[in-house]
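Numbering (the numbering used here), first residue to last: 19 to 377.
In this text, a Cβ means the ideal position worked out from N, Cα and C, and glycines have one as well.
Structure first, then comments.
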């Protein structure tokens, strides 16, 4: 029997209109705000991203204000969300739109794809939500819904399987209201067709779901690859100079945390070494020292282990340190101002966890 895509789509949209969450980016057609929400919600849950979204818009109300902003201010607003290349791409793209499009947001799928950090998914989202173009969004939620609904057992990371899933989604899409359809199918994936313990009894596709009929829900979607994370070991030095200043540096290399700030760092090759003294400078006389616990942070392809060693040094020792070491690239700042800089999540947690008084 042929699949009745129209009926499936109608049931989906009816369900969505009755059950949708009240989210601010669903109340606007402003492509700047929709773009921000889509970029921010990549690798970020709605619960975590909502507060960031609202604060970001209070700080940068328009595309123009974002384009004019200093990148450090943008990264500071992004602090804690991770995947900081998203923030750098937002800033770059805001400036690019001002220059190349006269400040007017591109309004077609093809033009949206020209923007840095905008791929097929984000372009489909913006073009459908803001300009009602008939392009389906296919993210992890949609992939899960479509593969279960149509019983797709192939590896969803395979290119041909991705094409198959997109074709099913496009056939299912309500061409009159692609914006509502896209929101609806993502909502089902997020709220009902969950990875674990899906709420099948609440699903608008429950009676037609092939994975449910075949008892394959736990096995679909199938992914063949598993991420292997490379371990890295960071030994940070937190210098407290005369109980009022410290040294920081900006990470400039094309590596994790690019554009964020850190304390002087020595990267070592195993977990044992991060607990030993590994100062990046010569001639440091330690007056007293605290060593933190090991902080562990999981990134997409790396696991970061960090330890922070605290050194209390005098003004004279600091002057000696400057003579014996090249401090180009380091900033001496008042400790009270550490809150004004954008830090990686690990360092932010350390600062919040300090048992020694800073102020």
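Going by DSSP in three states, residue 370 sits in which element: helix, strand or coil? helix
DSSP-derived helix/strand/coil call for residue 155: coil
Could you check what DSSP says for residue 71 in three-state terms: helix, strand or coil? helix
Span of the beta strand (DSSP E) holding residue 310? Element bounds for residue 310: n/a, residue is neither H nor E.
Answer with buried or exposed for residue 184, where buried requires no fewer than 16 other C-beta atoms within 10 angstroms of its C-beta. buried
Just checking, does the region 22 to 30 make contact with the region 116 to 128 on the three C-beta pairs under 8 Å criterion? no
Are there 16 or more other CB atoms within 10 angstroms of the CB of residue 67, so buried, or fewer, so exposed? buried
Sequence-distant residues of its chain with Cβ nearer than 6 Å to residue 143 (five each side left out): 56, 155
Taking C-alpha atoms, which residue in 234, 131, 136, 346 lies nearest to residue 60? Ranking 234, 131, 136, 346 by Cα distance to residue 60 puts 136 first.
My understanding is that residue 329 touches residue 307, with C-beta atoms under 8 Å, so please give their C-beta distance in whole angstroms. 6 Å
Who are the Cβ neighbours of residue 2 in its own chain at under 8 Å, not counting the five residues just before and after it? Residue 2 lies beyond the residue range present for the chain, which begins at 19 and ends at 377; the question has no answer from this structure.
Using the three-state DSSP reduction, which class does residue 37 fall into: helix, strand or coil? helix
By DSSP's criteria, residue 320 is part of a beta bridge. Which residues make up the other side? DSSP, once it has assigned bridges, lists 248 as partnering residue 320.
How would you label residue 273, buried or exposed, when you count the other beta carbons within 10 angstroms and need 16 or more for buried? Residue 273 is exposed by the Cβ-count criterion.
Could you tell me which of 153, 35, 249 sits nearest to residue 187, measuring between CA atoms? Relative to residue 187, the option among 153, 35, 249 whose CA is nearest is 153.
Considering only the alpha carbon of each residue, which of 198, 170, 247 lies closest to residue 233? Among 198, 170, 247, the Cα nearest to that of residue 233 belongs to 170.
Can the beta-carbon of residue 84 be found less than 8 Å from the beta-carbon of residue 108? yes
Once DSSP output is grouped into helix, strand and coil, what is the label at residue 214? coil
Cβ shell of residue 218 (< 6 Å), same chain only, five flanking positions each side left out: 224, 230
Whole-angstrom Cβ separation of residue 295 and residue 327, contact assumed at under 8 Å? 7 Å
Secondary structure at residue 61, three-state DSSP: helix, strand or coil? Three-state result, residue 61: coil.
Between 149, 287, 139, 146, which lies nearest to residue 160 when the distance is taken from Cα to Cα? 139
Suppose contacts are defined by Cβ-Cβ distances below 8 Å. Is residue 42 in contact with residue 70 by that definition? no
Quick one, are the C-beta atoms of residue 266 and residue 349 less than 8 Å apart? yes
With distances taken between CB atoms, is the gap from residue 309 to residue 293 smaller than 8 Å? Taking the C-beta atoms as reference points, residue 293 is found nearer than 8 Å to residue 309.
Note down the Cα distance separating residue 285 from residue 103, rounded to an integer number of angstroms. Taking the straight line from one Cα to the other gives about 22 Å.
To which residues does DSSP link residue 268 through a beta bridge? 279
Note the first and the last residue of the continuous beta strand (DSSP E) segment covering residue 351. 348 to 352
Out of curiosity, what's the CA-to-CA distance linking residue 252 and residue 347? 19 Å
Could you tell me how far apart the beta carbons of residue 175 and residue 243 are, in whole angstroms, since I believe they sit closer than 8 Å? 6 Å
To which residues of the same chain is residue 374 closer than 8 Å at the C-beta, ignoring the five residues directly before and after it? The predicted position of residue 374 is uncertain, since its pLDDT is 48 and thus under 50; no value can be drawn from it.
Where does residue 315 fall in DSSP's three states? strand
Residue 268: which of 213, 278, 172, 91 sits nearest, CA to CA? Closest in alpha carbon position to residue 268, among 213, 278, 172, 91, is 278.
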